[in-house]
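J.:
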Amino acid sequence: MSSRPAVETGAVPIGSLETRTDAFYDGRFHLVQPKRVGYRSGLDALLLAATVGENASGNLLDIGAGAGAVGFAAAVRAPGLRVALLENDVLMAECARKGLADTGNAAFADRASVIEADLFTIRRAKAGHPMRDQLFDFVVTNPPFYLPGQRPSSDPVRAAAMVAPDADFLRRWVQTSLAFLKDGGRFAAILSPAALAICLPALSGRIGGPAVTPIHGHRGEPAIRLILTGRKSSRESLSFLPLRYLFDSGRAPSDFTGRLSRGQVHFGWPRTNERQEGPDERVDPAVLEDHIRP
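Structural data, given as structure tokens:
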């Protein structure tokens with residue numbers, strides 16, 4: 001679920017790349033994103049960021065950060081968090097750096113940093129690499145969760161952000177991500193339903209109390225996303241949490257989606273109590289119509 005966010009506010013040149021600057025959370029943070037190529041953040045990022053509560057503190061690592069949507073949102077939601085954005089694509093990492101320099105992000109820019117590096121390369125790095133042995137209180141990730149061949153794209157940047165290059169990639173991504181987590185730390189990922197069968201076993205022996213929250217577009221339709229969370233060293237068992245709907249009827253966004261777009265939702269954990277959604281007329285349906293990844 002990507003593409004059009006709430007408000008497009010301008011453009012920032014990055015070499016020959018045409019970009020747009022978009023406002024999220026009613027203008028509480030801005031993203032510099034590619035306009036015609038690459039991957040643009042939307043509801044997927046906001047769903048994942050909603051697993052971070054306002055009282056969260058310590059260090060958070062956003063793996064596969066792209067332009068920084070999840071990490072920026074987490075920094076806005078939790079003033080006690082320091083955020084590291086890990087991104088291996090040169091253009092997307094530069095978008096994230098330009099985003100941090102945007103005056104609309106001044107409130108948290110000193111608590112966030114961009115690390116341009118490959119996830120797997122870091123874990124194989126020699127001792128002394130600044131990220132090799134660093135541990136985090138929170139690790140969040142929006143991995144390339146489509147399986148090989150599911151969502152082909154002629155745009156290589158977009159394809160790399162969306163589609164796993166091989167059948168074992170997601171397992172390795174999840175297990176490597178967990179290596180950055182402190183004991184007792186929290187892990188959260190957004191996945192396609194088909195990816196759960198790969199990612200859930202990857203948590204075994206590493207994460208306890210895994211919780212799955214299904215995300216549905218409309219009532220009566222299959223889930224289109226899953227939020228997967230868990231805590232390192234927890235002994236809790238697997239739980240499935242109440243599902244969420246993005247739309248009520250037709251193109252009318254649910255109350256849940258309206259509050260999500262404003263940064264007013266915290267969910268994805270067994271002890272998080274979010275009221276069930278209803279209609280919310282304050283959200284323009286046109287803003288959300290192309291947020292489902294094609």
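For the sequence shown, position 199 (counting from the first letter as 1) is numbered 199 according to the UniProt record's numbering, and the numbering increases by one without interruption.
In this text, a Cβ means the ideal position worked out from N, Cα and C, and glycines have one as well.
Since this is a predicted model, take the numbers as computed values, not measurements.
Jot down the residue ranges of each uninterrupted alpha helix (DSSP H) in the region 209–246, minimum 4 residues, whole runs only, in chain order.
T.: none
J.: Ordered along the chain, which non-local residues of its own chain (more than five positions away) have a Cβ less than 6 Å from that of A69?
T.: Excluding sequence neighbours, A69 sits near L31, S41, A45.
J.: Counting only the same chain and skipping the five closest in sequence on each side, list residues whose C-beta sits under 8 Å from that of P222.
T.: The beta carbon of P222 sits closer than 8 Å to the beta carbons of P193, H216 from its chain, once the five residues preceding and following it are set aside; these are given in chain order.
J.: Using the Cα positions of I122 and L86, report the straight-line distance between them to the nearest angstrom.
T.: Take the alpha-carbon of I122 and the one of L86: they are about 10 Å apart.
J.: Between which two residues does the alpha helix (DSSP H) containing T257 stretch?
T.: Where T257 is concerned, the enclosing alpha helix (DSSP H) stretches over 255–261.
J.: By DSSP, does D248 sit in helix, in strand, or in coil?
T.: coil
J.: Where A23 and F29 are concerned, what is the direct C-alpha to C-alpha distance, given to the nearest angstrom?
T.: In this structure, the CA atom of A23 is about 6 Å from the CA atom of F29.
J.: Spatial neighbours of D118 within its chain, please: CB distance less than 6 Å, with the 5 preceding and 5 following residues excluded, ordered by chain position.
T.: N88
J.: Exposed or buried, F138, counting other C-beta atoms within 10 Å across all chains shown (16 or more means buried)?
T.: F138 should be labelled buried.
J.: Just confirm the distance between the C-beta atoms of A84 and S57, as a whole number of angstroms; I'd bet it's less than 8 Å.
T.: 15 Å between Cβ atoms; not a contact.
J.: Using C-beta distances below 7 Å, list every residue in its chain close to D102, excluding the 5 sequence neighbours before and after it, in chain order.
T.: T21, H30, V32
J.: Which residue marks the beginning of the beta strand (DSSP E) containing Q33, and which one marks its end?
T.: 29–34 is the extent of the beta strand (DSSP E) around Q33.
J.: Measure the beta-carbon distance from L178 to F169 and round it to whole angstroms, keeping in mind my assumption that it falls under 8 Å.
T.: With a Cβ gap of about 15 Å, L178 and F169 do not count as contacting.
J.: Short check: CB of L135 to CB of L81, under 8 Å?
T.: no
J.: From L17 to P270, what distance separates their C-alpha atoms?
T.: 42 Å
J.: Do G209 and S249 have their beta-carbon atoms positioned less than 8 Å apart in this structure?
T.: no
J.: May I ask which residues mark the beginning and end of the beta strand (DSSP E) holding residue 382?
T.: In this structure the chain extends from 1 to 294, so residue 382 is not present and cannot be described.
J.: Measure the alpha-carbon distance for G220 versus T176 and round it to whole angstroms.
T.: In this model, G220 and T176 are separated by some 36 Å (Cα to Cα).
J.: By the DSSP assignment, the alpha helix (DSSP H) with S177 in it spans what residues?
T.: Counting along the chain, the alpha helix (DSSP H) containing S177 begins and ends at 169–178.
J.: Using 10 angstroms around the beta-carbon of P201, count the other beta-carbons present and answer buried if the total reaches 16, otherwise exposed.
T.: So P201 counts as exposed.
J.: What does the Cβ neighbour count give for V114, buried or exposed, with the cut at 16 atoms within 10 Å?
T.: buried
J.: As an exercise, report each continuous alpha helix (DSSP H) stretch of at least 4 residues that is fully enclosed by the region 69–108, in chain order.
T.: 69–77, 90–101
J.: Could you say which of R206, P144, L203 lies nearest to L191 if we only look at CA atoms?
T.: P144
J.: Taking the continuous beta strand (DSSP E) assigned at F267, which residues delimit it?
T.: Taken as a continuous stretch (DSSP letters only), F267 belongs to no beta strand (DSSP E), as it is neither H nor E.
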